[in-house]
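Novice: Here it is: the structure, laid out below.
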Amino acid sequence: MLPLVLAGLLLAAAPVDSTVVLNLEPSPEFPRHSEGAFATLADGRILFVYTRFTGGAEDHSSADLVGMESADGGQTWGPPRVVVANEGRSNVMSVSLLRLAGSGRLALFYLLKNSFQDCQPYLRYSSDEGATWSEPRRCGRAPGYFVLNNDRVIQLRSGRLVMPLGYHRSRGEEPDSWTSFDGRAIALWLLSDDEGASWREARTWWALPV
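This is how it looks when you write it as structure tokens:
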């Protein structure tokens, strides 16, 4: 279940008013709705893109990226439409939306997952406020399982894009088995100074001490 909450403004010590404006309940056809992001379009509409699962409710189940729009500040929402159909052996999921400061284009970041050993971040652009999207562009070059959680990519004042990733090593040889997946991760960052046309890995990374 994915509720959307429209919060009122917090003024001084006044209580915050909140209202559930959309409740996406799981169903046999769509057993999970999750990992989304929002963007405000040029005409004031709100675009919401999220992960809609079709083949189960697990992280490796098949899924598409689906979009909905609101023209009244989030009070009501139009019908869902597929933005990115499943391109992976497992799914596409975990959306970040970003308005690029330089070109003004919308950037759509997401994961394309093929197995427990192959999960990569991808990027698409829109020059028409989300009506259409470019062909996918892979962000990282190294093989492996990289997790980009939803709504995480940011743009600095310099224009640099920063993408935080969790790199999970493989425990075994079978790519389609949970036993091959290591839940521990190393935190690293991909950086781009040309709106995502090219990426490089930051020199530093984080790992929990043993």
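Number 1066 in the working numbering belongs to position 27 of the sequence shown; there are no gaps in the numbering. Cβ coordinates follow ideal geometry from the N, Cα and C atoms, glycine included. If you're wondering where the values come from, they're calculated on a predicted model, not measured in any experiment.
Tell me the residue span of the beta strand (DSSP E) that contains His1099.
Specialist: Neither: His1099 is in no beta strand (DSSP E) and is coded neither H nor E.
Novice: Do the region 1132-1148 and the region 1110-1121 meet, that is, are 3 or more Cβ pairs less than 8 Å apart?
Specialist: No, because fewer than three Cβ pairs between the region 1132-1148 and the region 1110-1121 fall closer than 8 Å, the two stretches do not touch.
Novice: Which of the three DSSP states, helix, strand or coil, is assigned to Trp1172?
Specialist: Three-state DSSP puts Trp1172 in coil, outside helix and strand.
Novice: State yes or no: is the C-beta of Tyr1089 within less than 8 Å of the C-beta of Glu1074?
Specialist: Closer than 8 Å, so yes.
Novice: Mind checking which residues open and close the beta strand (DSSP E) that includes Gln1159?
Specialist: From DSSP, the beta strand (DSSP E) with Gln1159 extends over Asp1157 to Ser1165.
Novice: In the DSSP assignment, the beta strand (DSSP E) including Trp1228 goes from what residue to what residue?
Specialist: Ile1225 to Ser1231 is the extent of the beta strand (DSSP E) around Trp1228.
Novice: On the DSSP letters alone, give me the boundaries of the beta strand (DSSP E) that Phe1077 sits inside.
Specialist: It spans Arg1071 to Thr1079 - the beta strand (DSSP E) in which Phe1077 sits, taken as one unbroken run.
Novice: Per the DSSP calculation, Gln1250 is bridged to which residue(s)?
Specialist: Examination of residue 1250 is not possible in this model, given that the chain is present from 1040 through 1249 alone.
Novice: Would the beta-carbon of Pro1214 fall within 8 Å of that of Phe1155?
Specialist: Cβ atoms of Pro1214 and Phe1155: closer than 8 Å.
Novice: Alpha carbon to alpha carbon, how far is Asp1082 from Gly1127?
Specialist: Roughly 33 Å between the two C-alpha positions.
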